[in-house]
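Number of protein chains: 2
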Amino acid sequence: MASIDQALPLGFRWASVRAGIKASGRPDVAVAVADKPAAAAAMFTSNQVKAAPLQVDAEHLRATGGYVRAVLVNAGNANCATGAQGLAAARESCTQLATCLGVAAEEVFPSSTGIIGVPLPVDKLTAALPGAVAGLSDSSDAAEAFATAIMTTDTRVKIAQSEVSVGHRPVRIFGCCKGAGMIGPQLIPHATMLVYLFTDLQASPAELQTMLATAVETSFHSISVDGDTSTNDTVLLFASGASGVIYDQAQIGEQQAFRDALGHVCDTLAHAIIDDGEGVTHVVRLLVSGADDDVAAKRVARSVANSPLCKTAWSSADPNWGRILAAAGYAGVRFDPAQVSIHIGGLPVFERGARSAAIDEAAVHRRMLDREYEIAIDLGTGPGVCRFLACDLTVEYVHINADYST
Amino acid sequence: MASIDQALPLGFRWASVRAGIKASGRPDVAVAVADKPAAAAAMFTSNQVKAAPLQVDAEHLRATGGYVRAVLVNAGNANCATGAQGLAAARESCTQLATCLGVAAEEVFPSSTGIIGVPLPVDKLTAALPGAVAGLSDSSDAAEAFATAIMTTDTRVKIAQSEVSVGHRPVRIFGCCKGAGMIGPQLIPHATMLVYLFTDLQASPAELQTMLATAVETSFHSISVDGDTSTNDTVLLFASGASGVIYDQAQIGEQQAFRDALGHVCDTLAHAIIDDGEGVTHVVRLLVSGADDDVAAKRVARSVANSPLCKTAWSSADPNWGRILAAAGYAGVRFDPAQVSIHIGGLPVFERGARSAAIDEAAVHRRMLDREYEIAIDLGTGPGVCRFLACDLTVEYVHINADYST
Numbered sequence: 378m379a380s381i382d383q384a385l386p387l388g389f390r391w392a393s394v395r396a397g398i399k400a401s402g403r404p405d406v407a408v409a410v411a412d413k414p415a416a417a418a419a420m421f422t423s424n425q426v427k428a429a430p431l432q433v434d435a436e437h438l439r440a441t442g443g444y445v446r447a448v449l450v451n452a453g454n455a456n457c458a459t460g461a462q463g464l465a466a467a468r469e470s471c472t473q474l475a476t477c478l479g480v481a482a483e484e485v486f487p488s489s490t491g492i493i494g495v496p497l498p499v500d501k502l503t504a505a506l507p508g509a510v511a512g513l514s515d516s517s518d519a520a521e522a523f524a525t526a527i528m529t530t531d532t533r534v535k536i537a538q539s540e541v542s543v544g545h546r547p548v549r550i551f552g553c554c555k556g557a558g559m560i561g562p563q564l565i566p567h568a569t570m571l572v573y574l575f576t577d578l579q580a581s582p583a584e585l586q587t588m589l590a591t592a593v594e595t596s597f598h599s600i601s602v603d604g605d606t607s608t609n610d611t612v613l614l615f616a617s618g619a620s621g622v623i624y625d626q627a628q629i630g631e632q633q634a635f636r637d638a639l640g641h642v643c644d645t646l647a648h649a650i651i652d653d654g655e656g657v658t659h660v661v662r663l664l665v666s667g668a669d670d671d672v673a674a675k676r677v678a679r680s681v682a683n684s685p686l687c688k689t690a691w692s693s694a695d696p697n698w699g700r701i702l703a704a705a706g707y708a709g710v711r712f713d714p715a716q717v718s719i720h721i722g723g724l725p726v727f728e729r730g731a732r733s734a735a736i737d738e739a740a741v742h743r744r745m746l747d748r749e750y751e752i753a754i755d756l757g758t759g760p761g762v763c764r765f766l767a768c769d770l771t772v773e774y775v776h777i778n779a780d781y782s783t
Numbered sequence: 378m379a380s381i382d383q384a385l386p387l388g389f390r391w392a393s394v395r396a397g398i399k400a401s402g403r404p405d406v407a408v409a410v411a412d413k414p415a416a417a418a419a420m421f422t423s424n425q426v427k428a429a430p431l432q433v434d435a436e437h438l439r440a441t442g443g444y445v446r447a448v449l450v451n452a453g454n455a456n457c458a459t460g461a462q463g464l465a466a467a468r469e470s471c472t473q474l475a476t477c478l479g480v481a482a483e484e485v486f487p488s489s490t491g492i493i494g495v496p497l498p499v500d501k502l503t504a505a506l507p508g509a510v511a512g513l514s515d516s517s518d519a520a521e522a523f524a525t526a527i528m529t530t531d532t533r534v535k536i537a538q539s540e541v542s543v544g545h546r547p548v549r550i551f552g553c554c555k556g557a558g559m560i561g562p563q564l565i566p567h568a569t570m571l572v573y574l575f576t577d578l579q580a581s582p583a584e585l586q587t588m589l590a591t592a593v594e595t596s597f598h599s600i601s602v603d604g605d606t607s608t609n610d611t612v613l614l615f616a617s618g619a620s621g622v623i624y625d626q627a628q629i630g631e632q633q634a635f636r637d638a639l640g641h642v643c644d645t646l647a648h649a650i651i652d653d654g655e656g657v658t659h660v661v662r663l664l665v666s667g668a669d670d671d672v673a674a675k676r677v678a679r680s681v682a683n684s685p686l687c688k689t690a691w692s693s694a695d696p697n698w699g700r701i702l703a704a705a706g707y708a709g710v711r712f713d714p715a716q717v718s719i720h721i722g723g724l725p726v727f728e729r730g731a732r733s734a735a736i737d738e739a740a741v742h743r744r745m746l747d748r749e750y751e752i753a754i755d756l757g758t759g760p761g762v763c764r765f766l767a768c769d770l771t772v773e774y775v776h777i778n779a780d781y782s783t
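Note that the protein sequences, when read in sequence, are chains A and B. Residue 782 in my numbering sits at position 405 of the first sequence, and the numbers go up by one each step. Residue 579 in my numbering sits at position 202 of the second sequence, and the numbers go up by one each step.
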């Protein structure tokens, strides 16, 4: 289990409480508060169906010009596809937390994850808020409690940290997330990714948005468990400024060091999501090169990552490069099969359009028994490159997601 | 098991033989011959990786202007990703069959299905051709033998027939196909769809191409087992003209009747492929309506049909409309969730943006225990409609495709 072993960013406090929304009775409401209004940048699911809190988040960020005082997360109910009632519930929970904190309701950023289509038990949620506020702390235990309360069927807490020096002063990043999961098997569940990134850098919402978009592209936008894009996916970057380090007054190299650190935190969290994916027994690092451009490379990677035939082959360490080639071929990207080469775990299986003369299937199979390995697909056409994290499809995935009883 | 119970189109003969390409020793080479050069139209996979016979088919159709004398299919080896050697093998097999028949090599239309990436044992194939030619017959048994020899792991033969009257004369259609399957589990297999449609109508290659494209759009382009587009998919429509009925001299209504019959044959075969899909226990008829246009409706249908979360829910008759809504939402199509309604098996589950007040989950679950049922998704926006055949994702699918041992 990950634990917090570096200094946390200054200017934040965290807490969690049991509101009785999760059937398990575990902590299910998480609150994070900035001492002063903190600059924020957020990215939301591209799904046409967006949960109620995501709609409220967008309204609130517009109203405040990108400043947030508090994050309010509940697990156990996604508050999605709940109509006007769901929107009202999300707004009510913000109002109640804002009252407890003495801030404006628009300064609260709500999130929900869990059952879809079931009304949010807003009374339970709001009844728990005074206790959460009373428990706010800047301790490691409090931050870890926040990261734990947002979990649904995640089997482990997902945390990443980094610290960089800017003008000889430390700037810290603390990130946590939850991966795909299922709860309430007799109801209507849905997996959701929630990511919260805290830093004590001082930066504007626009600066944060730019750096967040870059970091997300190569981390959370480059992973797939099953290709099912959630209705609730949210990534929030939240900067208290309490380090005293002002981003736009830092040296170019130090700005880059901060962005690299943010990227590292996002990469670590994205890897943790795949590694803890439903039923996953193998993590596959896809490296697609030689595409016309990076966008084309990512299309090929995503096609391979979501191919049921590739994913089932990986589950049994089957060196089935034909399925990889075929999935690349239907990605909607132009390439010449005669120029394609594929390596699995560093071993050649397909070279320039034909089975590798040096192929050793037994050796490739042994390499694929590792928990994690790389599959490199060189299209041999252009400069486009993509790294993407994929995983296998197992019987356990089907069991987890098909477990329904009347 | 389907059997041939109507008159076959005139002007064709069929045969099959054992060439020893299938490890099982079952018949694995199928030949169909037209008495005279027959107008043909073909459609091939859009996969960037196309098997060698598909490349030869395209060359041959260009060389003859769309006329074919013989179809040569082998099962047990896909002759895909086999480089220059694979192209030479496909050409050699055409030359040998052409010699046996006394026709030009360009008049032969080759197909292969089975293991990908392994050299085609062309000597075995060509050695079997004289026996196949000697066995050619216009009998029902011969046509059924053709349909049987093209199978790989299909559990049943897939045949459809129709007959329409044009100018008081009968015109017949006989179609057969093979669905997804896996063979040679220690090698590199790949599923492939092959469809052959025979008719004794007289029509030009261009007329056939137009009617084939229309029929394929609503049949083979509107199904998915796992979303994995093969490297070998082929649909061939092959018209001997032996009925004496000339398409462009028929009445408009009778032309339409023929196209309807062709569509019916294609629909029947497409349904047979899904019904015999790997590990399938439920066939789901998706009806998407209210999209901006038919293209948008099909994108939504395909997204739902390929969603692992929807497919696993269907395997356990789980009335999980949230997953259906979410999969529609990430199809890349614009719609307003507040206007969406979903019915499962005719029962309301989601109406205009919220859970149906009349929902009866137990009743919906019971309806979903049927082998086949409909899910209707009304986006409530525009006139676009699509019907699409989907299926569930079961543990058996994973077992079939993950069954690898060193």
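Cβ coordinates follow ideal geometry from the N, Cα and C atoms, glycine included.
Reduced DSSP secondary structure (H/G/I, E/B, other) of residue i
i                : result
Asn778 (chain B) : helix
Val677 (chain A) : helix
Ile629 (chain B) : helix
Asp669 (chain B) : coil
Thr490 (chain B) : strand
Phe575 (chain B) : strand
Leu767 (chain B) : With the sequence shown as reference, residue 767 (chain B) is identified as Ala, and Leu is not the correct amino acid for it. Note: Ala767 (chain B) maps to strand in three-state DSSP.
Ala509 (chain A) : helix
Val450 (chain A) : strand
Phe551 (chain A) : strand
Ala649 (chain B) : helix
Ser599 (chain B) : helix
Thr532 (chain A) : coil
Ser380 (chain A) : coil
Ile793 (chain A) : It is not possible to answer for residue 793 (chain A), since the shown part of chain A is limited to 378 through 783.
Gly722 (chain A) : coil
Where the beta strand (DSSP E) containing residue i begins and where it ends
i                : result
Ala416 (chain A) : 406 to 421
Ser539 (chain B) : 535 to 543
His659 (chain A) : No beta strand (DSSP E) contains His659 (chain A), which DSSP labels as neither H nor E.
Arg390 (chain A) : 389 to 394
Asp755 (chain B) : 749 to 755
Presumed contact (8 Å Cβ cut-off) between residue i and residue j, rounded CB distance
i                : j                : result
Ser733 (chain B) : Ala704 (chain B) : Not really, about 19 Å apart at Cβ, beyond 8 Å.
Leu478 (chain A) : Ala511 (chain A) : The pair is not a contact, with the Cβ atoms about 11 Å apart (cut-off 8 Å).
Val594 (chain A) : Tyr624 (chain A) : Val is not the amino acid found at residue 594 (chain A); the sequence shown has Glu there. Not confirmed; about 20 Å, so no contact.
Continuous alpha helix (DSSP H) stretch holding residue i: start and end
i                : result
Ser470 (chain A) : 460 to 478
Lys688 (chain B) : 685 to 692
Ala504 (chain A) : 499 to 504
Thr441 (chain A) : 429 to 441
Pro582 (chain B) : 582 to 594
Leu702 (chain A) : 698 to 706
Identity of the residue in the options nearest residue i by Cα
i                : options                                : result
Gly761 (chain A) : A:Leu664, A:Phe727, A:Arg748           : A:Leu664
Ala524 (chain B) : B:Ser542, B:Asp605, B:Gln628, B:Phe551 : B:Phe551
Lys399 (chain A) : A:Leu497, A:Leu438, A:Asp652, A:Ala447 : A:Leu497
Ala415 (chain B) : B:Ala522, B:Ile701, B:Ser488, B:Val480 : B:Val480
Phe575 (chain A) : A:Ser601, A:Val548, A:Ser596, A:Ala590 : A:Val548
Asp652 (chain A) : A:Ile629, A:Glu436, A:Val534           : A:Val534
Ala504 (chain B) : B:Asp405, B:Val445, B:Met588           : B:Asp405
C-alpha gap between residue i and residue j, whole angstroms
i                : j                : result
Gly463 (chain A) : Gln432 (chain A) : 10 Å
Lys555 (chain B) : Val677 (chain B) : 26 Å
Ser692 (chain B) : Ala739 (chain B) : 16 Å
Phe765 (chain B) : Ala647 (chain B) : 10 Å
Val622 (chain A) : Gly667 (chain A) : 40 Å
Ser514 (chain B) : Ala592 (chain B) : 28 Å
Val450 (chain A) : Glu631 (chain A) : 33 Å
Gly709 (chain A) : Ser423 (chain B) : 9 Å
Asp637 (chain A) : Thr608 (chain B) : 41 Å
Arg744 (chain B) : Val726 (chain B) : 12 Å
Thr490 (chain A) : Ala767 (chain B) : 28 Å
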